[in-house]
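One structure is given here, and the rest of the page talks about it.
Protein chains: 2
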Amino acid sequence: MARTVTERADILPLLGEVFREHGFEGASLAHITARTGLGKGSLYHFFPGGKEEMAAAVLNEIDGWFEANVFAPLRADADPSAAVDDMLERTDTYFRSGRRVCLVGLFALGDVRDRFGAAVAGYFARWRDALAAALTRAGRPAEDATALAEDAVLAIQGALVLARALDEPAVFGRAIERLRGRLQVRS
Amino acid sequence: MARTVTERADILPLLGEVFREHGFEGASLAHITARTGLGKGSLYHFFPGGKEEMAAAVLNEIDGWFEANVFAPLRADADPSAAVDDMLERTDTYFRSGRRVCLVGLFALGDVRDRFGAAVAGYFARWRDALAAALTRAGRPAEDATALAEDAVLAIQGALVLARALDEPAVFGRAIERLRGRLQVRS
DNA sequence: TAAAGAATGGACCGATCGGTACAGGAGAGC
DNA sequence: GCTCTCCTGTACCGATCGGTCCATTCTTTA
Numbered sequence: 001m002a003r004t005v006t007e008r009a010d011i012l013p014l015l016g017e018v019f020r021e022h023g024f025e026g027a028s029l030a031h032i033t034a035r036t037g038l039g040k041g042s043l044y045h046f047f048p049g050g051k052e053e054m055a056a057a058v059l060n061e062i063d064g065w066f067e068a069n070v071f072a073p074l075r076a077d078a079d080p081s082a083a084v085d086d087m088l089e090r091t092d093t094y095f096r097s098g099r100r101v102c103l104v105g106l107f108a109l110g111d112v113r114d115r116f117g118a119a120v121a122g123y124f125a126r127w128r129d130a131l132a133a134a135l136t137r138a139g140r141p142a143e144d145a146t147a148l149a150e151d152a153v154l155a156i157q158g159a160l161v162l163a164r165a166l167d168e169p170a171v172f173g174r175a176i177e178r179l180r181g182r183l184q185v186r187s
Numbered sequence: 001m002a003r004t005v006t007e008r009a010d011i012l013p014l015l016g017e018v019f020r021e022h023g024f025e026g027a028s029l030a031h032i033t034a035r036t037g038l039g040k041g042s043l044y045h046f047f048p049g050g051k052e053e054m055a056a057a058v059l060n061e062i063d064g065w066f067e068a069n070v071f072a073p074l075r076a077d078a079d080p081s082a083a084v085d086d087m088l089e090r091t092d093t094y095f096r097s098g099r100r101v102c103l104v105g106l107f108a109l110g111d112v113r114d115r116f117g118a119a120v121a122g123y124f125a126r127w128r129d130a131l132a133a134a135l136t137r138a139g140r141p142a143e144d145a146t147a148l149a150e151d152a153v154l155a156i157q158g159a160l161v162l163a164r165a166l167d168e169p170a171v172f173g174r175a176i177e178r179l180r181g182r183l184q185v186r187s
């Protein structure tokens, strides 16, 4: 049989797309095989745990990307307010300016939250705390930093919901722009 | 056979619960019959269009509630800033202080958005516009009012996502509190 | 009290679900 | 060439899916 020299990591983005489009329950094996081009045999070879393991792997990959590209810089970058700006820019790019849904947020709303609860909660908690740390380092009082950080993370999620609900991606860009103003260090 | 003198309207809240818990795809007829106590015969008697008609009816009921209790007052109440306060309070009550998910937002994220696109978009658009109208009437410049309204609607949705993701309902209350400050008429 | 229509439960349908089993082809090492 | 491991497609499984159908029962009306 044809061998498709596929790496497990190569198909994670495709799996992510399927879960984003259909949710966990709606992402049937038929959808997954169609999108990835892999038969069930290959799929279960790479992910013996089935759909659950696939979703966990995708969540883990997303988490890793944000940890490396967003959270870590917020916590440790020499220039905290530049790190905040970078966060907004990378977030806008990642979510394709509001045309892409947040898989973690999607899972949070559904009943799969119970299955991936720790991963989902950890992702948002670390985002919020890393942003609060950056704002504190930038000179904000701790209390303001915490509130602002929570507000920013929540606004990003809400903007994704509203952009998709209204089928108006520009909503997301406007929200990011407002956040830029709100998170800026007051001079 | 036992007759359960049920009104169609009486089971809408139960249907809402099932859709909220499992999403559209996940809300199986088995779940629905279990929750409502109605057999498939009765269900299809009330909703000949099946699940799709059930979901549409639930969305319509939700929309009606918000239209009467939130949107209309925002547009026409004599005291616009009191209407804004009422909106926040009723929203907090409706979403059980962050313990309840927004079905419209949930549908917006999933692939069912395409099926109920008009209802979903209409709900959020009318919320945003009604709030903008109230803020304008309260003396805000039109541009500020529009931006503030969009930001508030989006923050409510995001707060619901984050509250559920972190399993921390208090997130919602804090978001509402911040909105109260942001939407207040500056004296 | 009899006929009509609304409401009801559940058997049943074909399709699809997630998952398993397995036979066999491709490539690496020898 | 041989073997051994890795990968692959697919036939198949029981369970469940949304939906149809119908005999039966209850309520209403006259």
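Keeping their order, the protein sequence lines are chains E and A.
Here the first sequence is numbered in this note's numbering, starting from 1 and rising by one per residue.
Here the second sequence is numbered in this note's numbering, starting from 1 and rising by one per residue.
All C-beta atoms, glycine included, are put in the ideal place defined by N, C-alpha and C.
query, result
"Rounded C-alpha distance that separates residue 32 (chain A) from residue 103 (chain A)", "16 Å"
"Spatial distance of residue 66 (chain E) from residue 79 (chain A) (CA atoms)", "45 Å"
"Straight-line gap, residue 88 (chain A) to residue 60 (chain E) (C-alpha atoms, nearest Å)", "36 Å"
"Unbroken alpha helix (DSSP H) run spanning residue 73 (chain A), endpoints", "72 to 76"
"Exposure label - residue 134 (chain A); buried when at least 16 CB within 10 Å", "buried"
"Candidates A:136, A:170, A:140, of which the one nearest residue 151 (chain E) by Cα", "A:170"
"Backbone CA spacing between residue 107 (chain E) and residue 142 (chain E) [nearest angstrom]", "30 Å"
"Same chain only: Cβ atoms within 8 Å of residue 75 (chain E), ignoring 5 sequence neighbours per side", "130, 133, 134"
"8 Å Cβ cutoff, residue 92 (chain E) in contact with chain A", "no"
"Test item: CB-CB of residue 56 (chain E) and residue 116 (chain E) under 8 Å", "yes"
"Spatial distance of residue 187 (chain E) from residue 58 (chain E) (CA atoms)", "Bear in mind that the predicted position of residue 187 (chain E) carries a pLDDT of just 47, short of 50, making it too unreliable to give a figure here."
"For residue 25 (chain A) and residue 3 (chain A), the rounded distance between their alpha carbons", "The predicted model places residue 3 (chain A) with a pLDDT of 48, which falls under 50 and marks its position as unreliable, so this point remains unresolved."
"Alpha helix (DSSP H) runs wholly inside the segment 68 to 113 of chain E, at least 4 long, in chain order", "72 to 76, 80 to 94, 103 to 109"
"Sequence-distant residues of the same chain with beta carbon closer than 7 Å to residue 137 (chain E), five excluded per side", "80"
"Contacting positions in the segment 85 to 109 of chain E - beta carbon closer than 9 Å to chain A", "101, 102, 104, 105, 106, 107, 108, 109"
"Residue 147 (chain E) and residue 140 (chain A) closer than 8 Å at C-beta", "no"
"Cutoff 7 Å; reference residue 97 (chain E); Cβ partners in own chain excluding five residues on either side", "169, 172, 173"
"Residue burial classification, residue 8 (chain A) (beta-carbon count within 10 angstroms, cutoff 16)", "exposed"
"Delimiting residues of the alpha helix (DSSP H) encompassing residue 28 (chain A)", "Careful: residue 28 (chain A) lies outside any alpha helix (DSSP H) and carries neither H nor E."
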